[in-house]
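Below: the structure, in structure tokens.
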Amino acid sequence: GKLFSRPVDGPIYALPLIVTNFKMPDGAVHALAIVATLNDSVYAYDADNPARTEPYWHVRLGTPIYTGELYLGPSIGIVATPVIDRSTNTIYLTAIINTAAASGGYDAGSFLFALDLSTGALKYNSPQRIVLPLATGEQQTDATAWLQRAGLLLSDGAVYVGYTYVSDDLLSIEHGFVQAFQADDMGVRLTSWESSPNTRHGGVWQAARGLAADRFGNLF
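FYI, the numbering for the sequence shown is 2 to 221, going by my numbering.
Structural data, given as structure tokens:
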């Protein structure tokens with residue numbers, strides 16, 4: 002049943018994550034509820050204590066893009082479920098950010114972040130802007146038509162991110178991408194794979210579920 006409620010600054014599409022038996026900087030052990038919103042915010046709340054109403058930390062990663070769409074929006078920031086590495090106390094996530102918002106302009110980019118699980122501070126040379134290398138040779142950086150819904154995957158020292166790139170307004174031409182980044186340096190892209198370089202309907206959507214890997218290193 003319901004334990005308690007906490008305020009956040011936008012709709013939640015990414016699944017909340019629970020971190021148990023986590024030692025905070027003050028030495029106390031807590032269970033954390035990590036929540037990310039469409040407003041590009043990440044919160045770390047106490048998952049057990051109803052009396053602890055304030056988050057342990059809250060970071061706003063940027064200004065989301067505004068689309069006005071009702072089925073997902075009207076602003077789009079963090080959509081995909083993050084992934085956590087307990088061995089390094091790191092949370093990895095992607096966020097769509099209007100990097101020109103402060104000047105009144107518009108520049109939609111998708112960025113990969115690594116945050117410290119104790120404080121929300123940036124780690125590992127993040128954030129890094131995602132670039133999609135299309136089969137045409139174009140290096141696509143405008144994330145206006147990107148749908149990064151699949152949950153992130155951490156496997157064998159790499160962070161994997163799945164994208165759907167929509168190249169027209171009718172959603173009839175979709176290309177899928179899976180990219181891998183070095184987990185301890187977000188500036189190192191290990192590989193980029195395109196599912197449908199010469200066809201269509203190849204988007205990596207996963208119905209919001211995460212990418213998966215087996216013990217042999219195969220990705221599904």
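Glycine is no exception: its CB is placed at the ideal position from the N, C-alpha and C atoms.
Beta-carbon proximity of residue i to residue j, cut-off 8 Å
i      : j      : result
Leu191 : Val167 : no
Ala34  : Thr82  : no
Gly211 : Gly158 : no
Asp186 : Asn126 : yes
Gly11  : Leu39  : yes
Ser193 : Gly177 : no
Best match in the options for proximity to residue i [C-alpha to C-alpha]
i      : options                          : result
Asp41  : Thr95, Leu212, Ala213 and Thr145 : Thr95
Arg61  : Thr68, Ala48, Ile79 and Gly74    : Ile79
Phe114 : Ala144, Gly74, Phe182 and Leu73  : Phe182
His202 : Thr165, Pro51 and Glu139         : Thr165
Tyr161 : Pro26, Pro65 and Gly218          : Gly218
Asn199 : Ile174, Ile97, Val179 and Lys24  : Ile174
Leu118 : Pro134, Pro26 and Leu154         : Pro26
Asp156 : Ala52, Leu18, Ala213 and Asn22   : Checking the displayed sequence, the identity of residue 156 turns out to be Ser instead of Asp. Cα-wise, what sits closest to Ser156 is Ala213.
Val9   : Asn22, Ile97, Thr54 and Glu195   : Thr54
Residue i versus residue j: straight-line alpha-carbon distance, rounded
i      : j      : result
Tyr57  : Leu116 : 14 Å
Leu163 : Val205 : According to the sequence as given, residue 163 is Gly; it is not Leu. Cα to Cα, the separation comes out at about 6 Å.
Ala109 : Ser88  : 33 Å
Glu70  : Ile77  : 9 Å
Ile66  : Thr145 : 8 Å
Lys24  : Leu73  : 35 Å
Val84  : Ser104 : 32 Å
Nearest-angstrom Cβ-Cβ length linking residue i and residue j, presumed shorter than 8 Å
i      : j      : result
Ala32  : Val20  : 7 Å
Val179 : Leu135 : Rounded, the Cβ-Cβ distance is 14 Å, inconsistent with contact.
Buried versus exposed, by CB contacts within 10 Å (16 or more), residue i
i      : result
Lys3   : exposed
Asn1   : A query on residue 1 cannot be resolved here, the shown segment of the chain reaching from 2 to 221 and no further.
Glu139 : exposed
Arg216 : exposed
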